[in-house]
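*Asks:*
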Amino acid sequence: MLYRVATLYYEQNRTQEQIGRELHFTRWKVGRMLVEAREAGIVRIEVVHPQSRVRSLELRLRERFGLRDAVVVSARSAADDEEVRELVATAAAEHLASLRPAPGLLGVSWGRTLDLVARAVQPGWARGVDVVQINGGLSRSRRPTSAHDMASRLAHHGGGTVTLLPAPAIVEEESTRRVLERDSAVADVLALAGRADVLLFSPGGIERDSVLVESGHIDAADVARLAAAGAVGDVVGRFIDAEGRIVDPDLDARTLGLTVDAVRDGARAATSIAVVSGAAKHDVCRAIVVGGVCNVLVTDDRAASALLASGESETA
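According to UniProt numbering, the sequence shown is numbered sequentially starting from 1.
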C-alpha cells in the first residue's frame, strides 16, 4: 500500500486529497504514508546542485556538433580521474533513466565506465527494457571481464531480459571470427544488437592499462604499435584514428561485435550514447563526435572544453 500511494503521488502527480478519496483514507493519513514510504526506502529523494551540470557547455556542444543531446558535469570538485569517471557515469545513468520513451532494446558495450553506469542505475529506472551485448567480452586472461555482469544489472533494474554475446572481443584468427559469427548462438545476438533503438558505449583511450589489455585481448606492445599507426582509442574494441577510420584492418577483422559503421548507423537512425571522461580520452572523444559515431555525449567539463577548443582551432 505504501508503494501504491507513493506511485500515485510521485509518478502520477495525484494530490494527497485525490489519493485519499480513491483509497478511502484521510488526506492526513496519505501524508503519513508518504513519510513512511521514504523511511522504508520505497521513495528516495535526491537534491542535485544546479552547478553539477554545465549547461552552457552542453548548449555549445549541441550547436557546434549537431548532437541530439549533451550532458556535461563539472569536474572541479573531483580529486582525480577516477572520481571524474564516477561523476560522469552517474550522469549517464540519470540520462538513461530520463529517456522518453524508455529504450525497448538497449545495446551495451562494456568496460570500467559502463560498470559504474550499471552500478549507478536505480532499481526500476525503466520498465521492460531488454538489454543486448553489442561486442564480445569473454576474457582470455585469468581475470574475467565485467561485460556480462553490467548488462545483466541494467536489464534486472530495468525490468527486462538480457541477451549476452558468448564470444571474446578479439580472437586469434579472422577465420575463427567468421566461424563464430556463422554460429546461431552468436549470429542471433549480433542481429538483435543491430536492431537496438539505443546504444550505450564508452570509447577507450590508447593506454597500457586499458580493459582490453587487462582482459588479455591485446598486450602493451599492441597498444604501442596502434598508437604509432595513429590510433587515438577504440570504439567497441575497434581502434580508430582521429578521423574515425579503422587503424589496423587485420586486428579489426579479428574483432567480434558491431562495427564502428554499425554504431554510426545507430547514431543516424536511433540513439547512440557515448560516455567519456578523463584527459586520456580527449582525442578519441573528438574522433567519435566529429565522426558522427554518437549523437548523445555524456562527459566532463574539461573534456567538453577540449573538444570545443579543437573545433575552434580547425575553423580558425
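Cβ atoms here follow ideal geometry from the backbone N, Cα and C, with glycine treated the same way. Model, not experiment: these values are computed from the prediction.
Under 8 angstroms, with one C-beta from each stretch per pair, do the segment 111 to 118 and the segment 88 to 99 reach the 3-pair mark?
*Replies:* Verdict: yes, contact present.
*Asks:* Per DSSP, I273 forms a beta bridge with which residues?
*Replies:* Answer is L200, V296.
*Asks:* Given Q16, which residues of its chain have a CB within under 8 angstroms of its CB, disregarding the five upstream and five downstream residues?
*Replies:* Taken in chain order, the residues that qualify are Y9, R27, V30, G31, L34.
*Asks:* Could you spell out the range, first to last residue, of the beta strand (DSSP E) harbouring V117?
*Replies:* From DSSP, V117 is part of no beta strand (DSSP E) but of the alpha helix (DSSP H) over 112 to 120.
*Asks:* Along the chain, where does the beta strand (DSSP E) containing L105 start, and where does it finish?
*Replies:* Taken as a continuous stretch (DSSP letters only), the beta strand (DSSP E) holding L105 covers 105 to 108.
*Asks:* Who are the Cβ neighbours of A187 in its own chain at under 8 angstroms, not counting the five residues just before and after it?
*Replies:* Contacts found: E181.
*Asks:* Give the secondary structure of T90 by DSSP, where H, G and I count as helix, E and B as strand, and everything else as coil.
*Replies:* Looking at T90 - three-state DSSP - the assignment turns out to be helix.
*Asks:* Mark P101 as exposed unless 16 or more other C-beta atoms lie within 10 angstroms of its C-beta, in which case mark it buried.
*Replies:* P101 comes out exposed.
*Asks:* Bridge partners for R238 per DSSP, in chain order?
*Replies:* R238 pairs with V235.
*Asks:* In three-state DSSP terms, what is P166?
*Replies:* Coil, per DSSP.
*Asks:* Which residues in the same chain have their Cβ closer than 6 angstroms to the Cβ of D252, if we skip the five residues on either side of it in sequence?
*Replies:* Cβ neighbours of D252 beyond the five flanking positions: R238, I246.
*Asks:* Could you give the distance in angstroms between the alpha-carbon of L297 and the alpha-carbon of R127?
*Replies:* Answer to the nearest angstrom: the Cα atoms are 24 angstroms apart.
*Asks:* For L105 and L61, what's the separation of their Cα atoms in angstroms?
*Replies:* Using only the alpha carbons, I get a separation of about 27 angstroms.
*Asks:* Would you call R68 buried or exposed, if buried means 16 or more other Cβ atoms sit within 10 Å of its Cβ?
*Replies:* With fewer than 16 other Cβ atoms within 10 Å, it is exposed.
*Asks:* Determine the closest residue to T168 out of W110, G159, A224, I206, with distance taken between C-alpha atoms.
*Replies:* The sequence shown places Pro at residue 168, not Thr. The candidate whose alpha carbon is nearest that of P168 is W110.
*Asks:* So with Cβ pairs under 8 angstroms, would you call A6 a contact of chain B?
*Replies:* The question asks about chain B, but that chain is absent: this structure has only one protein chain.
*Asks:* Compute the beta-carbon to beta-carbon distance between R177 and R225, rounded to the nearest angstrom, for a pair I have assumed lies under 8 angstroms.
*Replies:* Not confirmed; about 20 angstroms, so no contact.
*Asks:* Taking just the CA atoms, how far does S56 sit from V211?
*Replies:* V211 and S56: Cα-Cα distance of roughly 33 angstroms.
*Asks:* Please list the terminal residues of the continuous beta strand (DSSP E) segment that includes Q12.
*Replies:* Careful: Q12 lies outside any beta strand (DSSP E) and carries neither H nor E.
*Asks:* Compute the Euclidean distance between the alpha carbons of L164 and G20, then round it to the nearest angstrom.
*Replies:* Distance between the alpha carbons of L164 and G20: 45 angstroms.
*Asks:* Please return the same chain residues whose Cβ sits closer than 6 angstroms to the Cβ of Y3, not counting the five positions on each side in sequence.
*Replies:* Excluding residues within five positions, the ones whose Cβ falls inside 6 angstroms are I42.
*Asks:* Which residues does DSSP list as the beta-bridge partners of G205?
*Replies:* The partner list for G205 (beta bridge, DSSP) reads G233.
*Asks:* Excluding the 5 residues preceding and the 5 following L192 in the sequence, name in chain order all residues of the same chain whose CB lies nearer than 8 angstroms to its CB.
*Replies:* Closer than 8 angstroms at the Cβ level, and outside the excluded window around L192, lie L105, V132, T163.
*Asks:* Using DSSP's beta-bridge definition, name the partner residues of R21.
*Replies:* According to DSSP, which records beta bridges pairwise, R21 is partnered with nothing at all.
*Asks:* Could you check the C-alpha separation between G107 and E173 for me, to the nearest Å?
*Replies:* Cα-Cα distance, rounded: 26 angstroms.
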